[in-house]
Amino acid sequence: MRVPMEKLVLSFVLIALFQGCMVLSVEYDHTASIECLRDPMRPLYSGGVIQNSEFNSGLMGWSTFRNIKAGVSSSPSGNKFAVVHGAGSYLSSSGKLLPSHSVYQRVQMTGDMHYSLSAWLQVSNGTAHVKAVIKDPNGERVVAGSIIAQSSCWSMLKGGMTAYSSGHGEIYFESDAPVDIWVDSVSLQPFTFDEWDAHARRSANATRRRTIRLVAKGADDKPMAHANVSIDLLRLGFPFGNAITKEILDLPAYEKWFSARFTVATFENEMKWYSTEWSQNQEDYRVPDAMLKLMQKYGIKVRGHNVFWDDQNSQMKWVTPMNLAQLKAAMQKRLKSVVSRYAGKVIHWDVVNENLHFSFFENKLGPTASAQIFQQVGQIDHSAILFMNEFNTLEQPGDPNPVPSKYVAKMTQIRSYPGNGGLKLGVGLESHFATPNLPYMRSALDTLAKLKMPMWLTEVDVVKSPNQVKFLEQVLREGFSHPNVDGIVMWAAWHAKGCYVMCLTDNNFKNLPVGDLVDKLIAEWKTHRASATTDDDGAVELDLPLGEYKFMVTHPSLKGPAVHTMTVDTSSSASEHTINIKS
C-alpha cells in the first residue's frame, strides 16, 4: 500500500560524531591568555625543544648577552623565573642605548618546520613593548611575536615562525625600553608542514561540519527502509565573501560571476565618508544604495565599511581644518546619516577604521573618541556587530602598533567605556599578506579569541608574486580551520584598470589562477554526498558542511517525493530532535 505524502514522517536525528583524520604526533595547543596573572601558567608542550623552560634548574641551558648579570628569582608562591639586571643600561660605541635583552637559549632547529612559540613575560618597571626574537640557522633575525609586558604581573606572549634550513638558532626577548625583562614558561614546539596541515584539516572538519543521522519513518512510525535521500546544499553556513566596486552595477558578467560564489560583500570605497559627502553638505548615496539593492537581490549579506576612517590622509579637505565644534557637528551628521540609512540592512559596521595605526579623531576629540563613536553607532543600529578593523595584527609581528595585546587593550577600552557594556562588538582582522607567517597567524588568532567576540578576516589578499596562489591558499585555509574565525571576506574587488593588490579574474571575468584557487576551496568546503539510501532501520548518516539544505526523500510507497529544508549548524548536535514533514 502506498503511504500518502501528507502522512509521511521523517525523523531527523542529529548526532554529534567524532570527525577524525590522521593522528598527529603532537596536537596543536590553542591555549592563550589575555590576562595579566600573579604567576604564569605552565609551558605549553612541556617547553618543546626548550631546555629548563621553567628555570627549575637555575640558568642551565640559558646564557646572557654582553656579560649582563642574570639569575633566577622566586615569587612568594615559589614560582621560579629568570631575571636580568641592568640589561637596558648598555651603550653602543656611538653612545646609543642598546635594546634590553633577556636571557637567551641556543636551540637546534630543523628546516621546513613550523615553530610555535609561547612565553610568560614581566618587566622590572612600568610597561614595555617586548619582542620575541628567533635568530634562525641562516643568522636571520625573525620577530616571532610581541606583547606589552607589565611590571606587576605576568603576560603571555604567543607567536611563532617557520624555519627553512637546519642548524642552530637562538631565542630571546628584547625591548627598546630601559627595563629588565623577566622570563618564564618558555616553549618552542616544532611541527612538520604535514603535521600543521593535518591539524588544520581536522580542526576544519570539527568546526565546519556535522554528522547527522536521518531516519525516515512512515505514518505508522515504522522505519522506511531503502528510501532514497537526495541532499542539496542551498547555502554554505560559513560566510565567505569579497569586496565589490560600483562597476558591478553596469556589468552583468561581473554580477553573475560574483553572485555565483560569495555570500558576503563589502563595498570597497562606496560607503565611505569621502564617497558619500565629498563636498560638504552634498550627500549622495545613490551608488551604495544601488549596490545594496543588488546584493539583496541575491541574498548576499553586506558589511558596512566604514563609518569613519582614523587615517589623517583619508579625510576630505573640508574636514581637516575644522575646529572642534565644527568637527563634532560634521561627525554627528555623518554618523546619523549613514548608520540610520543602513541600520538593519548591513550585518557589520567597521566603526573607526584602523584606529591602532591612526588617530585623527582621537587627536581631535581625545583618547576616548573611538569608544564614544562605537556607542553612538550602537544606539542607532541595534542589530549589526560593531567591528574594530585593523591591519598587520595577523600579518606583521614586527609592527608594534597592532600587536594582539594592543588590540585587546583598545577593544577593552571601548567595551569598558560607560554605557558600552551591551554593545555587540567584533574583531576585524584585515589580513593583507606578503609572505604569511602561519605559526604567528594562528597564535594571534588564539590570543584574540580570548576576547570572546565574533572574529572575521575582513580584507584578505596576498601581494603578487610567484607564490601568490600558494600563500593565499595557506591564509584562507588557516582562517577557515581556526575554531574561532566566524567568516572571511577577501579584498579582491575587480577594477578595469587593475585591482588594489589581487585580482581574481581578468577583464572578461575569466578566472586567473587565484580565482581558480578560490573556486577550488569553495567546492571543497561544500563537499557532501549528493544522495544516499536508508538502511533496514530507515536510517542514514550524512557528513555535511554547516549550511542550509533541501532534503528530498523518495520511496516506492510514496506518490511523490517528500521535501524538507533545514539548517545544519553548530547547535545541530546539541540534542536529538524530530521533524515532521507533511505536504
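Using mature numbering (1 follows the signal peptide of the UniProt record, and there is no 0), the letters of the sequence shown map in sequence onto residues -25 to -1, 1 to 558.
The beta carbon of each residue, even a glycine, is placed where N, CA and C say it ideally should be.
Residue i - partner residues in DSSP beta bridges
i	result
R278	T241, H323
M199	The partner list for M199 (beta bridge, DSSP) is empty, contrary to what the question assumes.
T186	D518
L132	A94
W37	DSSP output for W37 lists no bridge partner at all.
R210	E523
H530	DSSP lists no partner for H530.
N217	A240, M465
Y392	Answer by DSSP bridge pairing: none, since Y392 is not bridged.
W284	N328
A57	V47, V158
I146	Q80, I109
H407	D436
S178	Per DSSP, none; premise fails for S178.
Residues near residue i by beta carbon distance below 6 Å, same chain, minus five either side
i	result
M221	Reading the sequence as shown, one finds Lys at residue 221 and not Met. If we look at K221 and ignore the five residues flanking it on each side, its Cβ neighbours are E245, V262.
S140	G86, P112, N113
M465	N217, V435
T540	K525
T545	none
S380	I122, I123
Residue i and residue j closer than 8 Å at C-beta
i	j	result
V104	S75	Reading the sequence as shown, one finds His at residue 104 and not Val. In this structure, S75 does not lie closer than 8 Å to H104 by Cβ.
S130	R17	no
E365	S406	no
A202	H503	no
F166	S93	no
K443	V493	Note on identity: in this sequence residue 443 is Gln, with Lys being the wrong assignment. Not a contact, by the Cβ cut-off of 8 Å.
P153	L72	yes
W248	R309	yes
I122	V378	yes
Q462	R210	Per the sequence shown, residue 462 should be read as Gly rather than Gln. Not closer than 8 Å, so no.
residue 559	L519	The question about residue 559 has no answer, for the chain in this structure spans -25 to 558.
Y260	S234	no
V326	F349	yes
G394	M363	no
G120	P441	no
P414	F446	no
D510	A200	yes
A424	Q388	no
S506	I206	yes
For residue i, three-class secondary structure by DSSP
i	result
L226	coil
V1	coil
L479	coil
H104	strand
M541	strand
R504	coil
V152	It is worth fixing the name first, because residue 152 is Ala in this sequence and not Val. Residue state, collapsed to three classes: coil.
S49	strand
S121	strand
W232	helix
D436	strand
N298	coil
E258	coil
S546	coil
M84	strand
G22	helix
M430	strand
Range covered by the alpha helix (DSSP H) that runs through residue i
i	result
E499	488 to 500
M416	413 to 424
D264	261 to 272
N338	335 to 340
G353	344 to 355
G454	443 to 456
W248	248 to 251
The beta strand (DSSP E) enclosing residue i, as first and last residue numbers
i	result
D159	156 to 167
E365	360 to 365
V402	400 to 404
Beta-carbon contacts of residue i that lie in its chain and below 7 Å, excluding the five residues immediately before and after
i	result
T39	A45, V59, V78
M297	A305
A124	L96, Q97, V98, T102, A103, V105, S130
S312	E258
F335	D285, D286, Q287, Q290
V480	Before going on, a small fix: residue 480 reads as Thr here, not Val. So the list reads W232, W469, N486, L487, G490, once near-sequence residues are dropped.
D4	L19, Y20
Chain-order list of residues whose beta-carbon lies under 8 Å from that of residue i (same chain, five-residue window excluded)
i	result
C(-5)	At C(-5), the pLDDT of 40 sits below 50, so the modelled position is not reliable; the number obtained from the coordinates is stated separately. Result list for C(-5): A173, R176, R177, N180, in chain order.
S250	N244, V262, P263
A228	N483, F484
R390	G396, L398, L400
M477	D436, V437, V438, K439, Q443, L447, M465, W466, A467, V489
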